[in-house]
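Numbering (UniProt numbering), first residue to last: 1 to 577.
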């Protein structure tokens, strides 16, 4: 699995091979220079402890060389860090961009079936974890290769016998690190998953604080938060417990090696085979030899967290995209708005069919009202028309052309949709109205707002159309937000309309005003209207009454009242005195 992850990560990191080569060059230069310092230090000790007298000239020369080496080594280490950071930022930028691009290609069912907090966590926390673990690992490994190889060579030149003792003990460090890493990776995967769950719950609670407070749910929401937070705490504790074992254990092994060098070196010095300076140099080399191993094992937790996060990112990238457009691709051209549903069946879950063999023909310019109880398939019907979901069987055609042969973007640009939830983004009111037509002039924006009966309240705001909206339009009323979403549709002037519960959150007076605007806007346009208030659909050319995904009644308002069926009952339940 790790080899597979590394191979996929290399597809991103490998784009910046030049920068990695530069990092490696600086690693070689900086660490090679630092490797000479123990040798020079040992020579300095021998100059001080000479047989006759201290060699001050030789000592000054060595100290000068050490200062120059330390300065150059520090410079190269700094440059290595800078270039490595650039490579890391470039790589993470690419991964995050690809992940976000992927979100735009996924079917709507992915967002309906996954916590938004978990999705956000993948694009933020998980990608940051990859950056922290991956590039610290790369720089540590590059430095380690140079230091271990260099120290090994110098130790051999000083004493092959003591070098063998160090080499014999060192593999234990790798064995311990790999054993602990194997167990900690699973814990870090669980930790990443729980972070996503916690983010989702926090986002949900913050976004619905009015509901939480209105129902006195604070205590229960806190209990739920504590439950998730405790699971995160336990997962984090287990992961950190395993990873925390690595560094102390490997240091213990290295200390044993250090003691072995001291004892063996002492005997060899007594025997006259090594000088005091040689022993000092060798002790420093053995310590430097072990240091990169300790450093690598100390960031094992970050590396394992990076692998766990990479799995979550690649799981997202491997998801199946929205189904491609069937060939040959057709162009709607000058869309007229004739719509037909032919034997359409659909279900969110395979075993629970919602819409079964639905047939419907809608003529150009007709207003189609869809009513029915919750879960009857009203919103699903228009979602299928927009290709937010794909039918299980059957065909949906616009002007005789199968929508599965039409480019999604072109299809959706022909249909203006007022969603059930009024979504606005942080920005000016003008920018929100022009969301579907960024190039719109100020005059076009104002005309759309006037048509939606939004101009008067906008002008009363301190900054008018330049008023900055809070997140999701929090500084506007629900009715005002809905008026802006209506203006957003009016400005793109689409040949077809979908009004999904468009007036369910607007007061009666406002509803009357915008119904006039809607009536004018819908002239000559095919329109699908879903509303709870039956007063808004009396003028519909056709009213569809849905139950369990089936059309149980169909006709004009007066015709359906005369039938005295479900629509009759629903109508009189709303308007009976």
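Heads up, the beta-carbon is just placed ideally off N, CA and C, and yes, glycines get one too.
Exposure of residue i, with buried meaning 16 or more beta-carbon neighbours within 10 Å
i	result
residue 199	buried
residue 351	exposed
residue 140	buried
residue 96	buried
residue 122	buried
residue 153	exposed
residue 285	buried
residue 569	exposed
residue 481	buried
residue 349	exposed
residue 326	exposed
residue 509	exposed
residue 160	exposed
residue 404	buried
residue 577	Confidence in residue 577 is poor, its pLDDT being 45 and thus under 50, which makes the residue's placement unreliable; the coordinate value appears in the next sentence. Burial call: exposed.
residue 194	buried
residue 446	buried
residue 24	buried
residue 494	buried
residue 400	exposed
residue 528	buried
residue 542	buried
residue 67	exposed
Residues that residue i bridges to, as DSSP identifies them
i	result
residue 362	339
residue 145	Paired residues: none, contrary to the question.
residue 225	According to DSSP, residue 225 bridges with nothing at all.
residue 551	546
residue 305	DSSP, once it has assigned bridges, lists no residue as partnering residue 305.
residue 565	Note: residue 565 sits in no beta bridge, so no partner.
residue 367	527
residue 345	393
residue 416	497
residue 402	397
residue 270	None; residue 270 has no bridge partner.
Integer Cβ distance of residue i from residue j, believed to fall under 8 Å
i	j	result
residue 228	residue 201	6 Å
residue 370	residue 530	5 Å
residue 356	residue 550	6 Å
residue 31	residue 146	4 Å
residue 261	residue 165	7 Å
residue 469	residue 427	6 Å
residue 99	residue 20	Going by Cβ atoms, the distance from residue 99 to residue 20 rounds to 22 Å, so no, they are not a contact pair.
residue 289	residue 155	7 Å
residue 491	residue 437	5 Å
residue 187	residue 239	4 Å
residue 118	residue 12	That belief does not hold up - the Cβ atoms of residue 118 and residue 12 are roughly 22 Å apart, past 8 Å.
residue 391	residue 384	6 Å
residue 158	residue 76	The pair is not a contact, with the Cβ atoms about 25 Å apart (cut-off 8 Å).
residue 317	residue 563	Residue 317 to residue 563, Cβ: 53 Å. No contact.
residue 496	residue 335	7 Å
Proximity below 7 Å, CB of residue i to CB of residue j
i	j	result
residue 479	residue 306	no
residue 488	residue 433	yes
residue 567	residue 553	yes
residue 135	residue 84	yes
residue 500	residue 379	yes
residue 424	residue 454	no
residue 92	residue 162	no
residue 308	residue 192	yes
residue 190	residue 235	yes
residue 41	residue 69	no
residue 512	residue 417	no
residue 330	residue 406	yes
residue 388	residue 8	no
residue 394	residue 347	no
residue 534	residue 571	yes
residue 34	residue 73	yes
residue 137	residue 303	yes
residue 27	residue 142	yes
residue 377	residue 546	yes
residue 458	residue 429	yes
residue 555	residue 365	no
residue 526	residue 362	yes
residue 90	residue 16	yes
ask   = Can you find at least 3 beta carbon pairs, one from the region 221-235 and one from the region 323-340, that sit closer than 8 Å?
value = no
request  = Examine the Cβ distances between the region 311-327 and the region 90-107 and report whether three or more of them are shorter than 8 Å.
outcome  = yes
query = Within the chosen definition, does the region 275-294 reach the region 41-49 through at least 3 CB pairs nearer than 8 Å?
reply = yes
ask   = Would you say the region 537-544 touches the region 359-373, given that touching needs at least three Cβ pairs under 8 Å?
value = yes
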